[in-house]
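All letters in the sequence shown, in the order written, are residues 1 to 529 by UniProt numbering. Backbone N, C-alpha and C define an ideal beta-carbon position, used for all residues, glycine too. Here the structure is a predicted model, which means the values were calculated and not measured. In what follows, a structure is listed as structure tokens, so that the remarks can point back to it.
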Amino acid sequence: MEIGTGRIGSCSKEHQKIYQEWFNFADSDNDGRITGNDAIKFFGMSNLSRPDLKQVWATADSKRQGFLGFKEFVFAMQLVSLAQEGHQISHDLLNGDVDFENIKPPVMEGLDALIMRKKQSSKSSSLESNGSSSNQTSPASQWFSSKSSKKISLSSVTSIIDGLKRLYLQKLKPLEVTYHFNDFVSPLLTNSDFDAKPMVMLLGQYSTGKTTFIKHLLKTSYPGAHIGPEPTTDRFVVVMADMPFSGLTTFGTAFLSKFECSQMPHPLLEHVTFVDTPGVLSGEKQRTQRAYDFTGVTSWFAAKCDLILLLFDPHKLDVSDEFKRVIYSLRGHDDKIRVVLNKADQVDTQQLMRVYGALMWSLGKVLNTPEVVRVYIGSFNDKPVNEAATGPIGKELFEKEQEDLLSDLKDIPKKACDRRINEFVKRARAAKIHAYIIAHLKKEMPSMIGKAKTQQRLIDNLEGEFGKVQRDHHLPPGDFPNVEHFKEILSGYNFDKFEKLKPKMIQAVDDMLGYDIPELLKTFRNPYD
């Protein structure tokens, strides 16, 4: 079971030196990114047709970020070289036996002369720039620590994610801060929340193979991995390369003592982060209270994750009360959920059919969705499939299912930017509704006498107040928060200190959703469209 695109974008050291020089030349503002405008000028020297260059960009910028980093640039140059040799740029070509490492750099007409001229002109300023290298970090990383975030210029935005950061700081964050959105719904976003790699979370009862599944993908163990038939992973282990988890501090030290980051160099972890979770309790164990809000933590991760895998095995098909609460906490993220029936080679084909039916019946009671959830069947570990139990038909089925799951995992980095936009829009809509609710509660408060009684009445009748807000502002009822959770947090506030409705802030968010985000996507689409 292979995952990753190690051979694509790799090249010999000799070619890498050439590409680095080309990349530095094409990168007009030295921010480590080739934008659409940079590409139009540079790629034009290949003399390829516009449709060919459109396909090259679309393939190289598979994550749809709106720019090419150095690796993507090398890949684009290799595709240009293949196109110059007469190859059709397609998925069949990429999945074929192309030796990317030994593809010669393409012919770029007039490039050598332009690079020579640039070198000669830069000699005059060599005293200032001698020994310095081009800055590979985007200026956007400093925006969150800067006091002048409202003055961020549009020219400093060089990707879709940069654009979302700018919109968040200038239009959405002021609304969130004003109406305490971070206390009720989700902590304020930081730079790392935007730049974090796509995440995959694994959930399931103990000993369903969650840790083994990650080891199987990485083809190696990782720090903090414990495997056994008894409950072994008693903490949230994030297998990763960087740390976008500051928001978890809200769950307290009891949780943080059960949270572990496992950092290791691995090509797959350059694209995806895995979240291994404690086994969900079942039976008598459910009476043992955890020292932290387990469902709250899984809900927090669910909002950040790109894919959620629910793991079962043929001998653990029951959905316990805690597992039911965990699955309910995933509501609103149904599109991310996939089910894995692991260790399926422990039963024969006839038993597997019955197990599959029982699993679908169990899930049908807790996953209230009109669609049938996707279930992958297999044995996701490093041992060969037990053919004695499954037979040749079972082995073929497992291989096909593994390939399907693999292709789902491979698509995660490609869809990550689209998902981030969707989550941003979802957050903006939630923040807007939250502002309407808080402003409504403030408006209902008396100016002088009976404030405490009125506040208690509003809390007791919160569902009715939600209905008033929904009717007054024509909002969809499905977008409103959970009433009981909202009541719990409201009880710690003095409604009199809430802010009144600020129409300018609401209008700014409406403009962002209706105009700014579509314009951002239009700016960073394929430059050859």
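| Check | Outcome |
| --- | --- |
| Taking the alpha carbon of Leu268 as the reference point, which residue from Ile89, Leu409 and Lys13 has its own alpha carbon closest? | Leu409 |
| Note down the Cα distance separating Val200 from Ile412, rounded to an integer number of angstroms. | 9 Å |
| Between the stretch 363–383 and the stretch 335–351, do three or more beta carbon pairs fall short of 8 Å? | yes |
| I need the DSSP call for Asp313, collapsed to helix, strand or coil. | strand |
| Can you tell me where the beta strand (DSSP E) with Asp61 in it begins and where it stops? | Per DSSP, Asp61 belongs to no beta strand (DSSP E) and is neither H nor E. |
| So, are the CB atoms of Ser262 and Tyr222 less than 8 Å apart? | yes |
| Pull up the distance between the alpha-carbon of Leu352 and that of Gln455, whole angstroms please. | 57 Å |
| Does the separation of the CB atoms of Phe213 and Leu202 fall below 8 Å? | yes |
| Leaving out the 5 sequence neighbours to the left and right, which residues in its chain are closer than 8 Å to Glu12 when beta-carbon positions are compared? | The residue you asked about is not Glu; residue 12 is Ser in the sequence shown. Here the set comprises Glu101 and Asn102. |
| Nearest by alpha-carbon distance to Leu465: which of Phe184, Asn386, Leu175 and Lys442 is it? | Note on identity: in this sequence residue 465 is Glu, with Leu being the wrong assignment. For Glu465, the nearest C-alpha among the options comes from Lys442. |
| Got a sec? Which residues, its chain only, sit under 6 Å from Leu281 by beta carbon, not counting five neighbours each side? | Glu322 |
| In the structure shown, what three-state DSSP assignment does Tyr222 receive? | coil |
| Can you tell me whether Met512 is buried or exposed, with buried defined as 16 or more other CB within 10 angstroms of its CB? | buried |
| Please go through the stretch 343–407 and give each complete alpha helix (DSSP H) segment of 4 or more residues, from N-terminal end onward. | 349–366 |
| Considering only their Cβ atoms, is the gap separating Val326 from Thr369 smaller than 8 Å? | no |
| Glu260 bridges to which residues according to DSSP? | Val237 |
| Per DSSP, what kind of secondary structure is Val107 in: helix, strand or coil? | coil |
| If you scan the stretch 173–199 from start to end, which runs of the alpha helix (DSSP H) of 4 or more residues do you find wholly inside it? | 173–178, 181–184 and 191–195 |
| Closest to Tyr292 by CA distance: which of Phe251, Lys304 and Thr277 is it? | Phe251 |
| Assuming Thr273 and Val239 are in contact, meaning their beta carbons sit under 8 Å apart, how far apart are those beta carbons, in whole angstroms? | 7 Å |
| Name, in chain order, the residues that DSSP records as bridge partners for Gln205. | Val280 |
| Where does Ser126 fall in DSSP's three states? | Unreliable placement is indicated for Ser126, whose pLDDT of 49 sits below 50; no coordinate value is reported for it. |
| The beta strand (DSSP E) with Arg338 in it runs from where to where? | Ile337 to Leu341 |
| Helix, strand or coil for Phe274? Go by DSSP, reduced to three states. | strand |
| For Ser90, collect the residues of the same chain with a Cβ closer than 7 Å to its Cβ; drop the 5 residues on either side in sequence, then sort them by chain order. | none |
| Kindly indicate which three-state DSSP category Ile160 falls into: helix, strand or coil? | helix |
| Mapping the DSSP letters down to three states, classify Leu501 as helix, strand or coil. | coil |
| Assuming Ala431 and Leu172 make a contact with CB atoms under 8 Å, what is their CB distance in whole Å? | 6 Å |
| In angstroms, rounded to a whole number, what distance separates the CA positions of Arg525 and Arg64? | 8 Å |
| Determine, using beta-carbon pairs with one atom in the stretch 492–503 and one in the stretch 160–172, whether at least three such pairs fall under 8 Å. | no |
| Quick one: what does DSSP say Ile449 is sitting in, helix, strand or coil? | coil |
| Using only the alpha-carbon positions, how far apart do Ile517 and Gln507 sit? | 14 Å |
| Could you have a look at Leu307 and say whether DSSP puts it in helix, strand or coil? | strand |
| What does the alpha-carbon distance come out to for the pair Lys487 and Phe184? | 10 Å |
| Of the residues Phe42, Pro384, Lys165 and Trp300, which one's Cα is nearest the Cα of Glu109? | Phe42 |
| Please list, in chain order, all residues of the same chain as Gln20 whose beta carbon is under 8 Å from its beta carbon, the five residues on each side excluded. | Phe70 |
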